[in-house]
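Letter by letter, the sequence shown follows residues 71 to 319 of my numbering.
So the structure is just underneath, and the comments pick up after that.
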Amino acid sequence: MKEALLKLKMRGALNVLDDLNKSKMDNVSFVKCLLEAEIMERQLQTGIKKIKTAKFSYERDWQQINTNRNPKIPFTEIKKLSSGNFLKTRKNICFIGKTGLGKTHSLISIGRDLCRMDCDVLFFTAATLVTKLEESKSENKLSRFMEKLKKADLLIIDELGFVPFSDNGARLLFDVFTTRYQVGPIAISTNLSFEKWTQVFGSIELTAALIDRFTHNCEIFMFEGDSVRLREAKERGGKKLLERETAEC
């Protein structure tokens, strides 16, 4: 049995084989448990591969964020996005707020959960995406790259508004929004309210058209309050000061 499972590369089934052999279950139940273990293992490995392909900027999951630190942010509703229901309605997601409030962490947590559900997710910072678009255009590979962006179940664009773009870069990013329009959702994080998006895209006409397409079917979440990172840094600093004063006593 082990040799057969090895040849078939059924590692999930192989992992539980010894335990199942010790059980007294009937043949049908035995085979069912064996196959269920294999299915779970394949789902796990598929999720791992899709997370790697998504190229998240770092590893983050919901367990690593203290949602009680900032009651102004609707984390209960935001966490529901991990169900993936918004993909069915092709609803865009927008997180707006200043830095250090958990926007990127939330996007990555949602994206990783969706990867585990066998969804194809792509993650970029806005600056990285524009750079890749410009490089693809200069190498005559833009159509191929745009097709890749179009096919993803979810495209995540992080940190929109941190860096202004050239006219060419802004136009290329606009084309991404247009390509995804009513085809698949885009989830973004930004530190700018919509009326300030001209700081990034320059042209008022281009910005207005982009916002119109993006918000046509979009759920917007406001991230308000004090920076979690800044607060934690202050707490660490206070703790070190207390330890130093205690040691000196």
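Note that CB positions come from ideal geometry on N, CA and C, so glycine has one too.
Shortest alpha-carbon distance to residue i belongs to which of the options?
i, options, result
"Y251", "L280, W267, K266 and L262", "L280"
"W189", "I135, S152 and A197", "Contrary to the premise, residue 189 reads as Cys rather than Trp in this sequence. Measuring from the Cα of C189, the nearest candidate turns out to be S152."
"N162", "L199, L242 and D223", "D223"
"D296", "T285, V191, K173 and R130", "K173"
"D228", "H175, M95 and G254", "H175"
"E147", "S263, I180, Q134 and E106", "I180"
"C288", "Q115, T159, L184 and K220", "T159"
"K168", "A278, N261, L276 and F291", "N261"
"R283", "V270, K266, G254 and R130", "G254"
"I290", "L105, F156 and D88", "F156"
"G239", "N210, K218 and T198", "T198"
"L114", "L184, Q133, K220 and M216", "L184"
"D88", "V98, K220 and L75", "L75"
"M292", "K122, K142 and T277", "K142"
"F271", "V191, E205 and R241", "R241"
Opposite residue i in the DSSP bridges: which residues?
i, result
"D228", "T195"
"F293", "G167"
Starting from residue i and walking both ways along the beta strand (DSSP E), at which residues does that stretch end?
i, result
"A257", "I256 to T260"
Assuming the contact rule is C-beta atoms closer than 8 Å, residue i and residue j should be a hit. Round their C-beta distance to whole Å, please.
i, j, result
"R182", "F126", "7 Å"
"L203", "L243", "7 Å"
"P256", "F264", "Checking the displayed sequence, the identity of residue 256 turns out to be Ile instead of Pro. The pair is not a contact, with the Cβ atoms about 14 Å apart (cut-off 8 Å)."
"L90", "L105", "So it is not a contact: roughly 11 Å between Cβ atoms."
"V200", "F145", "Rounded, the Cβ-Cβ distance is 30 Å, inconsistent with contact."
"E111", "R81", "6 Å"
"F193", "S259", "That pair is no contact at about 11 Å."
"T277", "T268", "5 Å"
Answer yes or no: the CB of residue i versus the heavy atoms of the ligand MN, is any distance below 6 Å?
i, result
"F244", "Here there are no bound small molecules, and the ligand MN is not part of this structure."
For the alpha helix (DSSP H) holding residue i, just list the boundary residues, first then last.
i, result
"I118", "N97 to A124"
"F145", "F145 to K149"
- At which residue ranges does the region 155-229 contain complete beta strand (DSSP E) runs of 3 or more residues, listed in the order of the chain? 162-167 and 191-195
- Query: What residue ranges within the region 233-284 form continuous beta strand (DSSP E) runs of no fewer than 3 residues, ordered along the chain?
  - Reply: 256-260
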